[in-house]
Structure formats: structure tokens, C-alpha cells
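Undergrad:
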Amino acid sequence: MKTIAIANQKGGVGKTTVARNLAFFGIERGLRVLCVDLDPQKNFSKTLRALRERTLGDQGDELQSLTGSALFDGDAIELRPLACSENAALVAADRELVDVASRPLEDLHGPRAALAKLASDYDLCIIDTAPTLGNPLYAALIAADFVVCPCTMDQDAIDGLGDLFEDIARVQQLEWNADLVTLGLLANRVNTRRAFDRNALGQLRDELGAVVMEGVLYDRAATQYAKDRPVWRVQSGESQILAAREMKAVCSQIFDKAAI
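Counting from 1, one number per residue, gives the positions in the sequence shown under full-length UniProt numbering.
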């Protein structure tokens, strides 16, 4: 099983949008996809529960299943992820995830051990993370093989990239996860009508080079409205066609980089 974490300590940069579309991309390729939601806002979980409702007739709210906070028990986990379709399962976010910030450092390796116990049942794991620095982000990075960092062309988001890359480097240098590979910085919600967005993207490419992914997600209403299904499965129209093309290109690039 290959594991991709979608990470940025800044909120509102499109982490869940990227996570859900990567998951659907894998599902449509016939991969067995495990979706892990480590964000207490639960938006990734809502997407997968909607998929379960469409395919199995209910959201599974009454069923006992593995949750995000339980992953910190490591290989002592007993419950299974929630089946959401033939090829998709969910480790749902829960309220107890807010306590991760106060966990001791040794507990941050729990999710890696828990996912290793599940690895033989899945081909791909997508981890959606909370918009915070510190323990929650570290736990996701320790558990992942790869990390993708969405970023909007917003000054606050751009200014926070240094802290994000420092956290990734810390995980690698402390040998918590020396094999972690950064697949790239993904420019998201880029508005080509705004000079600031155009200039900021150009500056990021100049300063970071190949760290910035070739694919770009532009500011499309269709992308924002596709909450419970992939962008390429929404109703037709110019915005939807462009959004679908761009999202599929980005997903394909990420899969190629991760050799999935």
C-alpha cells in the first residue's frame, strides 16, 4: 500500500478537495483505496459517507468502525475501516482527534503502525490532514510515503510554506520517516484574472523550481461544488469541462510521481 498525505498547516487551501479527487481517481482505476481523515472538521469523511450512501444505501453512522483517533493506538487497533464501496473504505475523523496535539511524541508513530497492519488489504491510502502545525501534521507525515502540499496564491498561505517545509524536513532528518518523499507544491485556486496570482505563481516557480508541480488547479466553481463526487462526474458545462481536465491532469501527475 502506498500512502499519500495531503498537508498544509494553513486552512482553506484545498487539501480536502485534492484528497477526495485523488481517492476517486484511484477508485476509478480499480485500486483498493483507504481514505483516512485526520481533520476534526470531517469533510473528507462526509465525502466517503456520501459514497457509501449511494452505493450501499446508508452512511454507516450506526456501525462500529476504525476512527482517526484510534489509529494512535498503533498495531493494537481492533476495529476495521468503514466500507464505503467495493473499492473504498474510510477511517473517519472523530472529536477525539483534537487531543492529538497533547499526545507524547512516541504516540505520533501510532498511525504508521496501524496503517501497516491494514496495508495488505489496500493498494492506496490517502490521508487528509488538519490545518495545524505540530503533532497532528507530524503523525500524518510519519505515516506517509509521499506528501502533496496544496497552496493558494494567498500571501498568508505563501508565507507559511517555510514552516511547512521545515516540518517535512524535521520528520525526515529525525529519521521519523527518512523515506518521506515530497511530490510537490500544488498551486490551487489560481485566478488568472488577478495579477497577484499570476505573479505569485511565477515567483514560486522561480524560487522553488521543480518543487512546484507542473499541473495547476485554477479557480473554478465546478471544483468547489463537487463535494461528494469527483469533479469530472459533475454536470457538463464549460467550467466543469475545464475543471475536470485540470483535476484529472493533476491526479495523473501525482500518481505518476508516486509510481501508482
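All C-beta atoms in this analysis are idealised placements derived from N, C-alpha and C, irrespective of residue type, glycine included.
#1: Report yes if the CB atom of residue 231 is closer than 8 Å to the CB atom of residue 222, and no otherwise.
#2: If I measure Cβ to Cβ from residue 6 and keep anything under 6 Å in the same chain, skipping five residues before and after, which residues do I get?
#3: Shortest alpha-carbon distance to residue 63 belongs to which of 54, 196, 49?
#4: Does the beta-carbon distance from residue 265 to residue 218 come in below 8 Å?
#5: For residue 265, which three-state DSSP category applies?
#6: Can you tell me the Cβ-Cβ gap for residue 3 and residue 125, rounded? I've got them flagged as a contact below 8 Å.
#7: Ends of the alpha helix (DSSP H) at residue 77?
#8: Given a threshold of 16 other Cβ atoms within 10 Å of its Cβ, counted over all protein chains shown, does residue 9 qualify as buried or as exposed?
#9: Beta carbon of residue 136, beta carbon of residue 101: below 8 Å?
#10: Name the residue from 12, 11, 22 whose alpha carbon lies nearest to the alpha carbon of residue 260.
#11: Do you know offhand how far residue 40's Cα is from residue 225's?
#12: Taking the CB atoms as reference points, tell me whether residue 153 and residue 197 lie closer together than 8 Å.
#13: From what residue to what residue does the beta strand (DSSP E) around residue 150 run?
#14: With residue 1 and residue 122 assumed to form a contact (beta carbons below 8 Å), what rounded beta-carbon distance in angstroms separates them?
#15: Counting Cβ pairs, one atom from each stretch, are 3 or more of them under 8 Å apart for the stretch 195–212 and the stretch 31–38?
#16: Please go through the same chain and pick out, in chain order, the residues whose beta-carbon is closer than 6 Å to the beta-carbon of residue 42, but skip the five residues on each side of it.
#17: Using only alpha-carbon positions, find the residue among 187, 176, 35, 241 that is nearest to residue 119.
#18: Can you tell me where the alpha helix (DSSP H) with residue 222 in it begins and where it stops?
#19: Quick check on residue 135: does DSSP put it in helix, strand or coil?
#20: According to DSSP, is residue 259 part of a helix, a strand, or is it coil?
TA: Let me spell this out:
#1: Yes.
#2: Closer than 6 Å at the Cβ level, and outside the excluded window around residue 6, lie 15, 18, 19, 128, 148.
#3: Of the listed residues, the one whose Cα sits closest to residue 63 is 49.
#4: Not covered by the structure: residue 265. The range shown for the chain is 1 to 260.
#5: Missing from the structure shown is residue 265; the chain here goes from 1 to 260 and no further.
#6: Confirmed, about 4 Å.
#7: From DSSP, residue 77 is part of no alpha helix (DSSP H); its letter is neither H nor E.
#8: So residue 9 ends up on the buried side.
#9: Contact flag set, yes.
#10: Among 12, 11, 22, the Cα nearest to that of residue 260 belongs to 22.
#11: Straight-line Cα distance between these residues: approximately 21 Å.
#12: One thing to note: residue 153 has its Cβ within 8 Å of the Cβ of residue 197.
#13: Unbroken beta strand (DSSP E) run through residue 150: 146–152.
#14: Indeed, because the Cβ distance is near 5 Å, the residues count as touching under 8 Å.
#15: Touching, no, given that fewer than three Cβ pairs across the two stretches are closer than 8 Å.
#16: Closer than 6 Å at the Cβ level, and outside the excluded window around residue 42, lie 93.
#17: Closest option to residue 119, Cα to Cα, is 35.
#18: That run of the alpha helix (DSSP H) goes 221–225.
#19: Residue state, collapsed to three classes: helix.
#20: Correct three-state label for residue 259: coil.
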